[in-house]
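A short write-up of the structure that comes next.
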Amino acid sequence: MKNFKIIVLAKQVPDTRNVGKDAMKEDGTVNRAVLPAIFNPEDLNALEQALRIKDKYPGSTVTLLTMGPPRAAEIIREGLYRGADNGYLLTDRAFAGSDTLATSYALSRAIMKIGDFDFILAGRQAIDGDTAQVGPQVAEKLGVPQVTYAEEIVDIKKNKAVVRRRLEKGVETVESVFPLLITVTGTAPACRPRNAKLIMKYKRATTISERQNVSEDYIFMYDDRPFLNLPEWNVGDIEAEPERLGLSGSPTKVKKVENVVFQAKEAKVLEADNQSIEWLMKELISNHTLG
Amino acid sequence: MDNLFVICELENGTIADISLELLTKGRKLADQLGCKQEALIIGHKLKGLEKEAFDYGADVVWLADDARLEHYTTLPYTSIAVELFRQEKPQVALLGATSYGRDLGPRVSSALSSGLTADCTALEIGEHTDKRAGKTYKNLLLQIRPAFGGNIIATIINPEHKPQMATVREGVMKMEKCKEPRSGEVKKVDVDKFVRPEDFVVNVIERHMEESGVNLKGAPVIISGGYGVGSKENFEMLYQFAELIGAEVGASRAAVDAGFAEHDRQIGQTGVTVRPKLYIACGISGQVQHIAGMQESAMVISVNNDQEAPINKIADYAILGNVEDVIPKMIKYYKENSK
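For the record, the sequence lines run as chains L and A. Counted the way the numbering used here counts, the first sequence spans residues 116 to 406. Counted the way the numbering used here counts, the second sequence spans residues 343 to 681.
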């Protein structure tokens, strides 16, 4: 039976869904330090789709690829705990300030270095930027077709994949040749939980930077168990052109960032008694707001 | 050269509202820039659509008409937009922030190495000084969008790359025909010249589009429910009241996430933007992301048992009480007092 090589693009993001007051600084910028860093939710949906292919076609491999600061290795471990086979961390100061175009260039270089693939899966968008651009831009740079807003990989035939997409006003099923890049929406099935055995297996998996802090006693493990070594790549490793990365490789610039301020009004406060509500309804009817 | 392009999306054989919104806005931007507005329509059996594009402010309409383009697929549509832009060199290109524009836009921007800003809620023309380089750019497209889960508003520019590309959220810009009757130039895109046979490797095999019965954008009165409504059953009250007064029912993201209301009723940054003459917010606390989608309502009534709820800061009337007590009273006194 056929097996497939799958790459999952994942991002570690600040949890913007629950931004409390302390997360906003006086100047209207976000204090990222107080927000927990999480596995981007839709990337987990993408990982689940990848793992389902692996369930169905044993021998398939799921490789995670993430770009970010050294601590982003955390989400590679998260992926390994759920059933991914290996993962790469792309980290370099030269990536800082990259917009979606520069990010997609770096990721596409890393994918070329990883080698052959049948599918690249990614979340539709990340909750810190909500742009949904990196997936399609990676696909363009690799010259492969894309299917965005995917909810399920329905079937894989000899040389074609059938994918159901969830659009604003309905569903669409498409058939595409592969290699193919697919972005997955949050309406797709949630990712399976961590597996206890895999946690035991991978909890000491680290990148070389993280290993600076590991005690001497454990270092021997990384020779015996190569799967505990999470590869970490920099600009030189992926043979990227430095001017296409970071700020210089980013056509979009942030001109200004503002806190969201609304025009405050002085609300007339009414109690919920019969009299007040009758008065209000009469008022709305007489000034033709209603009826 | 140097014109403003709108890539128009089709819905049921006509130009989608979002694209008409973009043409309306694009007209104003083109006037400010002193350039023409051009519309690109890709599909099949497009004859006659140019008229609508002219009505909403296009000077030139490009038609890419081919049986193979009947349904949107990424690759051939990308080839057409990319090759046409290489030929025409627009300074600005706009698309809707729909599944169409958010699939096509990034692919096109990657091929052209131009900047793209997603999900804009406002577009302006302005200048920018890069202090470090000592350079001033005039007539840039200022692309304004919520960021970081809607908690901040960022202004993005693409000073050095053209076209300056942006996708724009549906419903945030007004859709208005030009006052004077207009016409313009129709140009045919030579599809075979731009599209390669290998672009047709993805096929749509099935489509189920549901005609949504919900029309939030056009509703004069909206009764909107939040998490504080408490349950799907309690939402029934809102539907009853809405039917009585000819309103539409909306919902906050929290209510939709909780399964109280369908997704197409969601109002806010990740939903529809509305500006009715009356907005009744029931059990909605008023997170930034919701308020951004309804703050232009002419009048806001909030029903909430928490006087400190942020929604009350932008409300005209704040009724302090539980939704399940207040709505039946509103229904009762409306019935008693209307005619």
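For glycine and all other residues, C-beta sits at the position ideal for the given N, C-alpha and C.
8 Å Cβ cutoff, residue i in contact with chain A
{"i": "L/Gly406", "result": "yes"}
{"i": "L/Thr321", "result": "no"}
{"i": "L/Val375", "result": "yes"}
{"i": "L/Glu290", "result": "yes"}
{"i": "L/Pro366", "result": "yes"}
{"i": "L/Asp387", "result": "Residue 387 of chain L is actually Ala in this sequence, not Asp. Taking Cβ atoms only, chain A reaches closer than 8 Å to L/Ala387, which makes this a yes."}
{"i": "L/Ser219", "result": "yes"}
{"i": "L/Leu282", "result": "yes"}
{"i": "L/Gln378", "result": "yes"}
{"i": "L/Ala382", "result": "yes"}
{"i": "L/Leu216", "result": "yes"}
{"i": "L/Val372", "result": "yes"}
{"i": "L/Gly285", "result": "yes"}
{"i": "L/Met227", "result": "no"}
{"i": "L/Ile412", "result": "Nothing can be reported for residue 412 of chain L, as the shown portion of chain L is limited to 116 through 406."}
{"i": "L/Leu395", "result": "yes"}
Cβ separation of residue i and residue j, assumed to be a contact under 8 Å, to the nearest whole Å
{"i": "A/Leu382", "j": "A/Ile357", "result": "Going by Cβ atoms, the distance from A/Leu382 to A/Ile357 rounds to 11 Å, so no, they are not a contact pair."}
{"i": "L/Leu343", "j": "L/Thr321", "result": "7 Å"}
{"i": "A/Asp682", "j": "A/Thr416", "result": "Since the first residue of chain A shown is 343 and the last is 681, residue 682 of chain A is not available in this structure."}
{"i": "A/Thr366", "j": "A/Lys516", "result": "6 Å"}
{"i": "A/Ser441", "j": "L/Tyr264", "result": "5 Å"}
{"i": "A/Leu682", "j": "A/Leu484", "result": "Summary: the structure shown does not reach residue 682 of chain A, with chain A confined to residues 343 through 681, and so no result is reported for it."}
{"i": "L/Ala241", "j": "L/Val384", "result": "That pair is no contact at about 41 Å."}
{"i": "A/Phe347", "j": "A/Ala475", "result": "A/Phe347 to A/Ala475, Cβ: 28 Å. No contact."}
{"i": "A/Gly526", "j": "A/Ala400", "result": "6 Å"}
{"i": "L/Ala187", "j": "L/Gly361", "result": "Not confirmed; about 16 Å, so no contact."}
{"i": "A/Gly438", "j": "A/Ile360", "result": "4 Å"}
{"i": "L/Ala355", "j": "L/Leu296", "result": "Their Cβ separation, rounded to whole angstroms, is 19 Å, which puts L/Ala355 and L/Leu296 out of contact at 8 Å."}
{"i": "A/Thr471", "j": "A/Ile498", "result": "Contact doesn't hold; Cβ gap of about 16 Å is too wide."}
{"i": "L/Leu180", "j": "L/Leu222", "result": "7 Å"}
Residue-level contact to chain L via CB, residue i, 8 Å cutoff
{"i": "A/Ile713", "result": "An answer regarding residue 713 of chain A cannot be provided, because it is not within the stretch 343 to 681 covered by chain A."}
{"i": "A/Ile422", "result": "no"}
{"i": "A/Met517", "result": "no"}
{"i": "A/Arg449", "result": "yes"}
{"i": "A/Arg444", "result": "yes"}
{"i": "A/Ser627", "result": "no"}
{"i": "A/Leu417", "result": "yes"}
{"i": "A/Thr440", "result": "yes"}
{"i": "A/Asn576", "result": "no"}
{"i": "A/Ser456", "result": "yes"}
{"i": "A/Met672", "result": "yes"}
{"i": "A/Ala651", "result": "no"}
{"i": "A/Val571", "result": "no"}
{"i": "A/Val630", "result": "yes"}
Opposing strand residues paired with residue i [DSSP bridges]
{"i": "A/Asn545", "result": "L/Glu290"}
{"i": "L/Asn374", "result": "A/Ile494"}
{"i": "L/Tyr368", "result": "First, the residue type needs correcting, since residue 368 of chain L is Lys and not Tyr in the sequence shown. Answer is A/Ile499, bridged to L/Lys368."}
{"i": "A/Gly592", "result": "A/Ser566"}
{"i": "L/Phe234", "result": "L/Ile121 and L/Leu295"}
{"i": "L/Pro129", "result": "L/Ala152"}
{"i": "A/Met507", "result": "A/Ala435 and A/Leu458"}
{"i": "L/Ser391", "result": "Paired residue(s): none; L/Ser391 is not in a bridge."}
{"i": "A/Asp624", "result": "Here the sequence assigns Cys to residue 624 of chain A, which means Asp is not the residue at that position. Per DSSP, A/Gly567 and A/Val645."}
{"i": "A/Val528", "result": "A/Val403"}
{"i": "A/His550", "result": "L/Val286"}
{"i": "L/Asp81", "result": "Given a span of 116 to 406 for chain L in the structure shown, any question on residue 81 of chain L remains unanswerable."}
{"i": "L/Glu347", "result": "L/Leu204"}
{"i": "A/Gln485", "result": "A/Leu465 and A/Ile498"}
{"i": "L/Tyr317", "result": "DSSP, once it has assigned bridges, lists no residue as partnering L/Tyr317."}
Residue i CB to nearest heavy atom of the ligand NAP below 7 Å
{"i": "L/Tyr333", "result": "This structure does not include the ligand NAP; it has no bound ligands of any sort."}
Length-filtered (4 minimum) alpha helix (DSSP H) runs lying within the region 398 to 473 of chain A: Listed in chain order, they are 416 to 430 and 443 to 454.
Scan the region 345 to 385 of chain A and note each continuous alpha helix (DSSP H) run of 4 residues or more that stays entirely inside, going in chain order. Whole alpha helix (DSSP H) segments, 4+ residues: 359 to 375.
Which residues, in order along the region 486 to 508 of chain A, keep a beta-carbon less than 8 Å from a beta-carbon of chain L? The residues in question are Pro488, Ala489, Phe490, Gly491, Gly492, Asn493, Ile494, Ile495, Ala496, Thr497, Ile498, Ile499, Asn500, Pro501, Glu502 and His503.
Contact residues within the region 540 to 561 of chain A, judged by C-beta distance below 7 Å to chain L: Using a CB distance below 7 Å, the part of the region 540 to 561 of chain A facing chain L consists of Val543, Val544, Asn545, Val546, Ile547, Glu548, Arg549, His550, Met551, Glu552 and Ser554, ordered along the chain.
Any residues in the region 244 to 274 of chain L with a beta carbon nearer than 9 Å to a beta carbon of chain A? Which ones, in chain order? Here the close residues are Gly244, Asp245, Thr246, Ala247, Gln248, Val249, Gly250, Pro251, Gln252, Val253, Ala254, Glu255, Lys256, Pro260, Gln261, Val262, Thr263 and Tyr264.
Contacting positions in the region 463 to 474 of chain A - beta carbon closer than 8 Å to chain L: Legend: CB atoms of the region 463 to 474 of chain A lying less than 8 Å from CB atoms of chain L belong to residues His470.
Any residues in the region 655 to 668 of chain A with a beta carbon nearer than 8 Å to a beta carbon of chain L? Which ones, in chain order? Across the region 655 to 668 of chain A, CB contacts with chain L closer than 8 Å involve Lys655, Ile656, Ala657, Asp658, Tyr659, Ala660, Ile661, Leu662, Gly663, Asn664, Asp667 and Val668, in sequence order along the chain.
Near-chain A residues of the region 122 to 133 of chain L - C-beta to any C-beta below 7 Å: Answer set for the region 122 to 133 of chain L: Thr131 and Arg132.
Selection of the region 636 to 649 of chain A by Cβ proximity to chain L, strictly under 9 Å: Those would be Gln637, Ala640, Met641, Val642, Ile643, Ser644, Val645, Asn647 and Gln649, in chain order.
Tell me which residues of the region 593 to 626 of chain A have at least one Cβ-Cβ distance to chain L shorter than 7 Å, keeping chain order. Cβ contacts with chain L: Lys619 and Leu620.
Select from the region 382 to 409 of chain A all residues with a C-beta closer than 7 Å to any C-beta belonging to chain L, and list them in chain order. Taking 7 Å as the Cβ-Cβ cut-off against chain L, none of the residues of the region 382 to 409 of chain A qualify.
Got a sec: which bits of the region 160 to 192 of chain L sit with their beta carbon under 8 Å from any beta carbon on chain A, in order along the chain? So nothing in the stretch comes that close.
Mind checking the region 193 to 206 of chain L against chain A and listing, in chain order, the residues whose C-beta falls within less than 8 Å of any C-beta there? For the region 193 to 206 of chain L, the set of residues with a beta-carbon nearer than 8 Å to any beta-carbon of chain A is empty.
Within the region 179 to 255 of chain L, ranges of the alpha helix (DSSP H) (whole runs, at least 4 residues): For the region 179 to 255 of chain L, whole alpha helix (DSSP H) runs of length 4 or above, ordered along the chain, are 188 to 197 and 215 to 229.
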